[in-house]
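Trainee: FYI, in my numbering the residues of the sequence shown are 437 to 801.
Ideal Cβ placement from N, Cα and C applies to all residues, glycine included.
Quick one: this structure, given as structure tokens, is what I'll be asking you about.
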Amino acid sequence: MARFDDGVRCMLMRGGTSKGAYFLAGDLPADPEERDDLLLRVMGSPDPRQIDGIGGAHSLTSKVAVVSPGSGSADLEYLFLQVDVDEAAVSARQNCGNLLAGVGPFAVERGLVRAGDGHTDVRIRLVNTGGIATARFATPGGKVDYAGGTAISGVPGTAAAVVLGFEDTAGSSTGRLLPTGNEVDVIDGIRVTCVDNGMPVVVAAAEDLGITGYESYEALASDAGLLRRVQSLRMQAGKLMGLGDVAAESVPKTTLVAPPREGGALCTRTFIPVRPHTAIGVLGAVSVVTAALLENGVAGRYARLPRTGSRVAVEHPTGQLEVEVELDLSTSPPTAVRAANVRTARKLFDGTVYPRPRADGGWDT
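Structure follows, in structure tokens:
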């Protein structure tokens, strides 16, 4: 195995409302166990502050994108890894649509794909689930332009738009759009809808868990009783969805819904897996909107869906996220037709990251 005491080439990027370390696959160990051990030491886990690494002490900022050349119809391969903050755990069980926004620009920066003059389109295979996404981003003069006028909730200022279109999202982790085979299941006396349209999500009504659904991140994070109930829901839902024991996994995510009050279609409060999300993930939002479109799903009674078009604004603690979701409801079960949304991304630094030594005090050899 290559030595890493001299550092590893790394680019830190904001992708959507997340932040992560982007690596070329060839710059990391090929063995998954060795790779994950290295990434834990790079990010500074396990430690609630990640003080000895580059992680941001939150699940939204303790993420990794591993990018490599594509094959077949895909230009790139993108593996997403969620690095746990408090535990020595790295999960590849789900996609991340936020970090996906930075994959195309990163690949141009690293020379994996040639930039177009004006904009660049790249087809990206999502290694975690096998799906395909197409990203379009600005490359005037053949160089990535991160500046632009697109604003997204949860990110200050504006940046250049990255348009993401998704293919084959249904059953991304479970093999089925409705993993339990039902539009509604009952867990702990609570009606839930389990959906996997790019991200496995358990959707429940906020009021059924004794909250309004409009609480702040801080209020949710301090409600120990609520967090215990969320954990119980997702643990049982994980088994029903065919994911097995999810105690050490970040999926399924749980989203509590309420009627919109800021002009959107639905208000949400999401947990990853138990810690409250300050916003909502891209593919998580796609799954929640999918739940809202179901005739008998839990979310439908609270949603105010647009009469025309497929673009839906999902309210979350720091603003709104717009996604486009189309379902064919004439089939049984319903069929996912398409999903898309607009994100932004920005390069934060490019250089060399130095992992802490191994637990035995040595370096990689």
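1. Could you check what DSSP says for Leu613 in three-state terms: helix, strand or coil?
2. With a Cβ-Cβ cutoff of 7 Å, do Gln672 and Ile623 count as a contact?
3. According to DSSP, is Met437 helix, strand or coil?
4. Report yes if the C-beta distance between Val558 and Ala571 is below 7 Å; otherwise report no.
5. Assuming Arg629 contacts Gly733 under a Cβ cut-off of 8 Å, what Cβ separation, rounded to an integer in Å, is found between them?
6. Measuring only the C-alpha atoms, how far is Ala749 from Arg450?
7. Please report the straight-line C-alpha distance between Asp520 and Gly552, rounded to a whole angstrom.
8. Which word fits Ser658, buried or exposed, when buried means at least 16 other C-beta atoms lie within 10 angstroms of its C-beta?
9. If you pair each beta-carbon of the stretch 769-784 with each one of the stretch 712-729, do three or more pairs fall below 8 Å?
10. What does a CB cutoff of less than 6 Å around Gly787 pick up in its chain, not counting 5 residues either side in sequence?
11. With DSSP collapsed to three states, give me the class of Asp520.
12. Give me the residue from Gly480, Gly625, Ile626 with the minimum Cα distance to Arg794.
13. Please return the same chain residues whose Cβ sits closer than 6 Å to the Cβ of Ser498, not counting the five positions on each side in sequence.
14. With distances taken from CA atoms, which of Gln667, Gly661, Gly649, Ala660 is nearest Val638?
15. Looking only at its chain, what residues have a beta carbon closer than 8 Å to the beta carbon of Gly567, apart from the 5 residues adjacent to it on each side?
16. What is the residue span of the beta strand (DSSP E) that Leu600 lies within?
17. Residues in its own chain within less than 6 Å of Tyr653 by CB, not counting five upstream and five downstream?
18. Buried or exposed: where does Thr453 fall if 16 or more other Cβ atoms within 10 Å of its Cβ makes it buried?
19. Please report the distance separating the alpha-carbon of Ser504 from that of Glu545.
20. Thinking C-alpha only, which one of Ala683, Ala525, Leu548 is nearest Asp473?
21. Closest to Pro484 by C-alpha separation, out of Ala493, Pro791, Thr691, would be which residue?
22. Just to confirm the assignment, what range does the alpha helix (DSSP H) spanning Pro636 have?
23. If distances are taken between C-alpha atoms only, which option among Thr726, Arg779, Glu758, Arg782 comes closest to Leu765?
Mentor: Per the coordinate set shown:
1. coil
2. yes
3. Its pLDDT being 43, under 50, Met437 is placed unreliably by the model, and the measurement read from it follows with that caveat. Here Met437 sits in coil by DSSP.
4. yes
5. The residue asked about is misnamed: residue 629 is Thr in this sequence, not Arg. Their Cβ separation, rounded to whole angstroms, is 4 Å, which keeps Thr629 and Gly733 in contact under 8 Å.
6. 22 Å
7. 37 Å
8. exposed
9. yes
10. none
11. coil
12. Gly480
13. Met479, Gly491, Val519, Val521
14. Gln667
15. Asn531, Arg561, Phe602, Glu603, Asp604, Thr605, Ser608, Gly634
16. 597-603
17. Pro712, Thr714, Pro753
18. buried
19. 13 Å
20. Ala525
21. Ala493
22. Segment 636-641 is the beta strand (DSSP E) holding Pro636; no alpha helix (DSSP H) there.
23. Thr726
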